[in-house]
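S.K.: Please read through the structure below; I'll follow up with questions.
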Amino acid sequence: MYNGYFGLKENPFNLSPDPAFLYRSPQHEEALANLIYGVQSRKGFIVLTGEVGTGKTTMLECLRDYLEQAGVEFAFVFNSRITSEQFFEMIAYDLDLRCQRNSKTEVLFALNQLLIQQANDGRTSVLIVDEAHNLEWDVLEEIRLLGNLENPRIGKLLQIILSGQPELDRKLDAPNLRQLKQRIVLRCSLQPLTLKESNEYINSRLLHAGLENQTIFPDPLLIELHLRTQGIPRLINAVCDNMLLAAFAIETKVCTLEMLDEISSDMRLEWPGRRTPRQRGQSGFEPAPYTPGD
1043 MYNGYFGLKE
1053 NPFNLSPDPA
1063 FLYRSPQHEE
1073 ALANLIYGVQ
1083 SRKGFIVLTG
1093 EVGTGKTTML
1103 ECLRDYLEQA
1113 GVEFAFVFNS
1123 RITSEQFFEM
1133 IAYDLDLRCQ
1143 RNSKTEVLFA
1153 LNQLLIQQAN
1163 DGRTSVLIVD
1173 EAHNLEWDVL
1183 EEIRLLGNLE
1193 NPRIGKLLQI
1203 ILSGQPELDR
1213 KLDAPNLRQL
1223 KQRIVLRCSL
1233 QPLTLKESNE
1243 YINSRLLHAG
1253 LENQTIFPDP
1263 LLIELHLRTQ
1273 GIPRLINAVC
1283 DNMLLAAFAI
1293 ETKVCTLEML
1303 DEISSDMRLE
1313 WPGRRTPRQR
1323 GQSGFEPAPY
1333 TPGD
């Protein structure tokens, strides 16, 4: 709706994960490099964790792009609230296994055959599980057992990537999953963006959408926006999208703290030092306190 008004080619703050808009902060570069290295080196188990909205799914989308370009077979389990039977069915469909897909035994035989063939051709296969913190214990055990598929000469035949919220780490610390925990060779963790990274994140998305040297979000506003979103990319996208819409509605090309105040209230945002309108008194908008380096 507002793209033409601001001279944008596309929506810069779409909530859907899009590898084209990847902001390559040092931690995101490191996480993606670890995922690719883990696959290439046949490390077996890799875990990616991070709070809600920190960009885990975007990382997985970037990895999927890499795997497709490299011709690597992979299965992607995006709905983790499944039974063991459904888990094997999803693998069978994604890898197009020629077998009775509702039979665990047949799926395992077909999967083993595919992995051996791939290994003989000098290739590997990958299983990606998103929202893995929701997996039932028995499904996690099945995943652990899949990690036993290996060749003494080649190594792990199936590279398994588990992605989830910090609850996944706590789940893997459970005594009954210690065998799985010991098999995890690489761990990646995504943290909220710093103030500097938040500013770069916003500027990079606007630049990718066609806007150079943005003046829509003044520096004081960017400081307050970072504080209120706590550096969570998904929240940054939602707030910036709403602010651009609000600016378009009143025909201005500069967003203000007053707009941010209204949007923060509408989105029920909570942040350290938050003050209600009554607490601010009648003196107008007062930005929340900010400590440099947060």
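If you use this note's numbering, the sequence shown closes out at 1336, no skipped numbers anywhere.
Glycine included, C-beta positions come from ideal geometry on N, C-alpha and C.
Given the structure is predicted, the values throughout are model-derived calculations rather than measurements.
#1: Going straight from the alpha carbon of T1099 to that of I1226, what length do you get?
#2: Under the DSSP definition of a beta bridge, which residues are partnered with G1092?
#3: Would you call N1279 buried or exposed, if buried means 16 or more other Cβ atoms sit within 10 Å of its Cβ?
#4: Enumerate, from N- to C-terminal direction, the unbroken alpha helix (DSSP H) stretches of 4 or more residues contained entirely within the region 1049-1102.
#5: For the candidate residues D1215, E1209, R1276 and L1267, whose alpha-carbon lies nearest to that of P1314?
#6: Assuming A1073 contacts L1232 under a Cβ cut-off of 8 Å, what Cβ separation, rounded to an integer in Å, is found between them?
#7: Using three-state DSSP, classify I1292 as helix, strand or coil.
#8: With contact counted as at least three CB pairs below 8 Å, one residue from each stretch, are the region 1214-1230 and the region 1164-1171 in contact?
#9: Buried or exposed: where does S1307 fall if 16 or more other Cβ atoms within 10 Å of its Cβ makes it buried?
#10: With a threshold of 16 other CB atoms inside 10 Å of the CB of G1252, please say whether the residue is buried or exposed.
#11: Apart from the five residues on each side of it in sequence, which residues of its chain come closer than 8 Å, Cβ to Cβ, to F1151?
#12: Compare the C-alpha of E1183 against each of L1214, Q1256 and P1194 and name the closest.
#13: Would the region 1081-1094 and the region 1198-1208 be scored as touching if the rule is three or more Cβ pairs under 8 Å?
#14: Comparing C-alpha positions only, which one of M1285, A1117, S1240 and L1302 sits nearest to L1137?
#15: Pull up the CB-CB distance for C1297 and A1289, whole angstroms please, since I reckon it's below 8 Å.
#16: Looking at the strands, I want to know which residues DSSP matches up with K1223.
#17: Taking L1157 and L1139 to be in contact with their CB atoms under 8 Å, please state how far apart those CB atoms are, rounded to whole angstroms.
#18: Return the bridge partner residues of V1171 from the DSSP annotation.
#19: Confirm, please, whether the CB-CB distance from E1209 to H1175 is below 7 Å.
#20: Assuming S1240 is part of the alpha helix (DSSP H), what are its boundary residues?
#21: How many angstroms separate the CA atom of R1106 from the CA atom of K1085?
#22: How big is the Cα-Cα spacing for I1265 and L1237?
#23: In this structure, does DSSP put E1192 in helix, strand or coil?
#24: Mark D1261 as exposed unless 16 or more other C-beta atoms lie within 10 angstroms of its C-beta, in which case mark it buried.
#25: Which residues mark the beginning and the end of the alpha helix (DSSP H) in which L1263 is found?
#26: Closer than 6 Å by C-beta to V1119: which residues in its own chain qualify, once you throw out the five before and the five after it? Chain order, please.
M.R.: Once the coordinates are examined:
#1: Looking up residue 1099 in the sequence shown gives position 57. Looking up residue 1226 in the sequence shown gives position 184. Answer to the nearest angstrom: the Cα atoms are 20 Å apart.
#2: Walking along the sequence shown from the start, residue 1092 turns up at place 50. Answer is L1232.
#3: Locating residue 1279 in the sequence shown gives position 237, where the first residue counts as 1. The residue is buried, with at least 16 neighbouring Cβ atoms inside 10 Å.
#4: The region 1049-1102 contains these whole alpha helix (DSSP H) runs: 1068-1082.
#5: The sequence position of residue 1314 within the sequence shown is 272, counting from 1. Nearest option by C-alpha distance: L1267.
#6: Position 31 of the sequence shown holds residue 1073. Position 190 of the sequence shown holds residue 1232. Sure, about 6 Å apart at Cβ, within 8 Å.
#7: Numbered from 1 along the sequence shown, position 250 holds the residue referred to as residue 1292. If DSSP states are grouped into helix, strand and coil, I1292 belongs with coil.
#8: As far as the Cβ criterion goes, the region 1214-1230 does not touch the region 1164-1171, which means the pair count is below three.
#9: Your numbering for residue 1307 matches position 265 in the sequence shown. The residue in question, S1307, is exposed, as its Cβ has fewer than 16 Cβ neighbours within 10 Å.
#10: For the purposes of this step, residue 1252 is taken as residue 210 along the sequence shown, with counting starting at 1. By the 16-neighbour rule on beta-carbons within 10 angstroms, G1252 is exposed.
#11: The sequence position of residue 1151 within the sequence shown is 109, counting from 1. Taken in chain order, the residues that qualify are C1141.
#12: By 1-based counting over the sequence shown, the position of residue 1183 is 141. Ranked by Cα distance from E1183, the first of L1214, Q1256 and P1194 is L1214.
#13: They touch, by the three-pair rule.
#14: Taking the sequence shown and counting its residues from 1, one reaches residue 1137 at position 95. Answer by Cα proximity: A1117.
#15: Indexing the sequence shown from 1 puts residue 1297 at position 255. Indexing the sequence shown from 1 puts residue 1289 at position 247. With 8 Å as the limit, C1297 and A1289 qualify as a contact, their Cβ atoms being about 5 Å apart.
#16: Your numbering for residue 1223 matches position 181 in the sequence shown. For K1223, which the question treats as bridged, DSSP gives no partner whatsoever.
#17: Taking the sequence shown and counting its residues from 1, one reaches residue 1157 at position 115. Taking the sequence shown and counting its residues from 1, one reaches residue 1139 at position 97. The C-beta distance from L1157 to L1139 rounds to 11 Å, too long to fall under 8 Å, and the pair is not in contact.
#18: Residue 1171 sits at position 129 when you count from the first residue of the sequence shown. V1171 is bridged to V1119 and L1204.
#19: For the purposes of this step, residue 1175 is taken as residue 133 along the sequence shown, with counting starting at 1. For the purposes of this step, residue 1209 is taken as residue 167 along the sequence shown, with counting starting at 1. With respect to the 7 Å criterion, H1175 and E1209 are classified as neighbours on the basis of their beta carbons.
#20: Along the sequence shown, one-based indexing puts residue 1240 at 198. For S1240, the uninterrupted alpha helix (DSSP H) segment begins and ends at L1237 to H1250.
#21: In the sequence shown, counting from the first residue as 1, residue 1106 sits at position 64. In the sequence shown, counting from the first residue as 1, residue 1085 sits at position 43. Rounded to the nearest angstrom, the two C-alpha atoms are 17 Å apart.
#22: Residue 1265 sits at position 223 when you count from the first residue of the sequence shown. Residue 1237 sits at position 195 when you count from the first residue of the sequence shown. Looking at the two C-alpha atoms, the distance is approximately 7 Å.
#23: Taking the sequence shown and counting its residues from 1, the one referred to as residue 1192 is at position 150. The three-state secondary structure of E1192, taken from DSSP, is strand.
#24: Walking along the sequence shown from the start, residue 1261 turns up at place 219. Counting every other CB atom within 10 Å of its CB across the protein chains shown gives D1261 a total below 16, marking it as exposed.
#25: Stepping through the sequence shown from its first residue, residue 1263 is reached at position 221. First-last of the alpha helix (DSSP H) with L1263: D1261 to T1271.
#26: Position 77 of the sequence shown, counting from 1, holds the residue named residue 1119. Counting only Cβ-Cβ distances below 6 Å, and skipping sequence neighbours, we find M1132 and V1171.
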